[in-house]
Every structure is written in C-alpha cells, then in structure tokens.
Amino acid sequence: MSSITIQKSDGSRRTFTGRQAWMLRRLIDAGSTGITLLETPGPRCSHYIYMLRKAGLSISTTSEPHAGAFPGMHGRYRLETAVTVVAEAA
386 MSSITIQKSD GSRRTFTGRQ AWMLRRLIDA GSTGITLLET PGPRCSHYIY MLRKAGLSIS
446 TTSEPHAGAF PGMHGRYRLE TAVTVVAEAA
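Using this note's numbering, the first residue of the sequence shown is number 386, and each one after it goes up by one.
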C-alpha cells in the first residue's frame, strides 16, 4: 500500500496511506493548477478529498463549466495548505 508523509508549515506531520496518499500526491503534483475529476478519474475521488479535508488539509474547490454531449459544471480542487513531503513509499 502506498503512503506519503507530509509536514505542514507549523511543523506537524501526518502520514496518509492508500487512495488518500494517491489523491494527495495528485494534488501536490498539480500545484496551483489543481485537478478536476474529469482529468483525474478514479473511484470515489470526492471522498478522498473529503477525508483529506477532515484530516486538516485545506483544499479549495472552484466550479468550471464543461461542454460536450453532457454540458454542465465540474469542480477544480487545489491544495491550499503548504506541505513538504518528508517520506513516500509505493
């Protein structure tokens, strides 16, 4: 199971495993661009974002329109908490 340990600017550390670690890595890699579930498909992505928020990470959501056969709106998620990755395992 994959894991990622981060350190926040206040010095606190937290380790995430499994899909939460996967989602956190996606958010870190995306930087200020953020991610959408259209670009990052995966099972229960919104739940993983919810769990990361519940763990104390600030993740913003902005709504964006999309076109195509089923036009509508989707969210773009951005990690707002400054973190440093201190350990990571696949």
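Glycine is no exception: its CB is placed at the ideal position from the N, C-alpha and C atoms.
Original post:
For L464, does the three-state DSSP call read helix, strand or coil?
Top reply: Here residue 464 is taken as the residue at index 79 of the sequence shown, counted from 1. For L464, the three-state secondary structure derived from DSSP is strand.
Original post:
If you check the beta carbons only, do Q405 and V471 fall under 8 Å apart?
Top reply: For this step, residue 405 is matched to residue 20 along the sequence shown. For this step, residue 471 is matched to residue 86 along the sequence shown. No, Cβ-Cβ distance for Q405 and V471 is not below 8 Å.
Original post:
For H459, which beta-bridge partners are listed by DSSP?
Top reply: Within the sequence shown, numbered from 1, the residue matching residue 459 stands at position 74. In the DSSP assignment, H459 is bridged to E449.
Subject >> R410 beta carbon less than 8 Å from that of I444 >> reply: On the sequence shown, residue 444 is found 59 positions in, with the first residue counted as 1. On the sequence shown, residue 410 is found 25 positions in, with the first residue counted as 1. Not closer than 8 Å, so no.
**OP:** Please name the residue, chosen from E473, L442 and R461, that lies closest to E449 on a Cα-to-Cα basis.
**Re:** Within the sequence shown, numbered from 1, the residue matching residue 449 stands at position 64. Of the candidates E473, L442 and R461, the one whose C-alpha sits nearest the C-alpha of E449 is R461.
**OP:** Use the C-beta contact count for Y433: other C-beta atoms within 10 angstroms, 16 or more gives buried, fewer gives exposed.
**Re:** Counting from one through the sequence shown, the residue named residue 433 turns up at place 48. Under this definition Y433 is a buried residue.
Original post:
Would DSSP call R429 helix, strand or coil?
Top reply: Within the sequence shown, numbered from 1, the residue matching residue 429 stands at position 44. Looking at R429 - three-state DSSP - the assignment turns out to be coil, as it is neither helix nor strand.
**OP:** For A474, name the three-state secondary structure that DSSP assigns.
**Re:** Looking up residue 474 in the sequence shown gives position 89. Taken through DSSP and simplified to helix, strand or coil, A474 comes out as strand.
Original post:
Buried or exposed: where does M458 fall if 16 or more other Cβ atoms within 10 Å of its Cβ makes it buried?
Top reply: As a working note, residue 458 is residue 73 in the sequence shown. Under this definition M458 is an exposed residue.
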